[in-house]
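*Asks:* Numbers 0 to 198, taken from numbering that gives the first Met the number 0, label the letters of the sequence shown in order. The beta carbon of each residue, even a glycine, is placed where N, CA and C say it ideally should be. Small disclaimer: the values here were computed from a predicted structure and weren't measured.
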Amino acid sequence: MNRLRLAALPAALACALALGACSSDDTSTSESGNASETTDTSFSAEDVGIETLDADLLTKFSSCDDVSPAVDQYITGLDADPDNGSSDYGVYCTWTTPEAATSFDDIRTVEVMIETGNGAVSDPSVLGTAGLEVLSDSTVESNGGVAYTMNMGTGVAGITVTTVEFPDVRVSITGGQWADFPSLDGPAAVAAATELLGL
Numbered sequence: 000m001n002r003l004r005l006a007a008l009p010a011a012l013a014c015a016l017a018l019g020a021c022s023s024d025d026t027s028t029s030e031s032g033n034a035s036e037t038t039d040t041s042f043s044a045e046d047v048g049i050e051t052l053d054a055d056l057l058t059k060f061s062s063c064d065d066v067s068p069a070v071d072q073y074i075t076g077l078d079a080d081p082d083n084g085s086s087d088y089g090v091y092c093t094w095t096t097p098e099a100a101t102s103f104d105d106i107r108t109v110e111v112m113i114e115t116g117n118g119a120v121s122d123p124s125v126l127g128t129a130g131l132e133v134l135s136d137s138t139v140e141s142n143g144g145v146a147y148t149m150n151m152g153t154g155v156a157g158i159t160v161t162t163v164e165f166p167d168v169r170v171s172i173t174g175g176q177w178a179d180f181p182s183l184d185g186p187a188a189v190a191a192a193t194e195l196l197g198l
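(1) Flag this pair as touching only if the region 124–142 and the region 65–81 have three or more C-beta atom pairs under 8 Å; answer yes or no.
(2) May I have the straight-line CA-CA distance separating Ala44 from Tyr88, to the nearest angstrom?
(3) Check the DSSP bridge columns for Asp71 and list the partner residues they point to.
(4) Does the separation of the CB atoms of Gly174 and Tyr73 fall below 7 Å?
(5) Are the Cβ atoms of Thr161 and Thr148 separated by less than 7 Å?
(6) Note down, one range per segment and in chain order, each beta strand (DSSP E) of at least 3 residues found wholly within the region 152–187.
(7) Where does Glu237 sit, in a helix, a strand or coil, going by DSSP?
(8) Give the secondary structure of Val125 by DSSP, where H, G and I count as helix, E and B as strand, and everything else as coil.
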């Protein structure tokens with residue numbers, strides 16, 4: 000399973016939450032007609048309202064080496080992706096199965112993304128209608144957040160994408176269950192996220 004597929008999973012969650020917004024974007028684009036053809040489409044982060052991570056988080060997560068302790072038991076034996084890194088807008092970390100692995104049971108990938116929040120959190124009642132499982136966690140809830148997960152796959156191996164949202168920051172962790180390795184399921188991912196944020 001490659002990194003591009005895994006990186007798309009949190010985006011799939013966001014699309015599900017939009018409840019049709021993804022398709023409505025296509026409609027609005029077509030209705031704009033020729034106007035878009037004459038409009039300057041260049042933009043900056045300021046133009047689209049993208050905010051940077053809180054300075055304290057930027058300092059805390061200067062690289063994925065600062066993230067790995069929270070998921071250490073799940074990434075043992077995995078290789079850090081050479082593209083791992085952080086910026087003013089987030090931290091993106093992936094650990095994958097070494098190329099030398101020969102057993103299907105050894106194929107694992109763990110991904111952690113820490114990004115700026117949008118000032119609000121998703122409505123739990125909407126999450127349920129989007130096919131996501133809301134995870135009850137007192138630490139998350141007492142800090143004004145919400146946690147939810149999506150499971151894909153059954154049996155010996157499966158993928159789990161878990162998101163923990165607060166108004167100012169969002170943590171997405173992609174993991175799952177793999178043969179006899181520790182399971183990075185929803186509750187485990189929430190525990191890792193709260194540890195990362197020092198809650």
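*Replies:* Answer, in terms of the structure:
(1) No: fewer than three Cβ pairs fall under 8 Å.
(2) In this prediction, Ala44 scores a pLDDT of 37, lower than 50, which makes its location untrustworthy; the coordinate-derived value is nonetheless stated afterwards. Using only the alpha carbons, I get a separation of about 10 Å.
(3) Secondary-structure assignment with DSSP links Asp71 through no beta bridge to anything.
(4) One thing to note: Gly174 has its Cβ within 7 Å of the Cβ of Tyr73.
(5) Note that the C-beta distance between Thr161 and Thr148 is below 7 Å.
(6) 156–164, 168–177, all fully within the region 152–187.
(7) Missing from the structure shown is residue 237; the chain here goes from 0 to 198 and no further.
(8) The answer is helix: DSSP assigns Val125 an H, G or I state.
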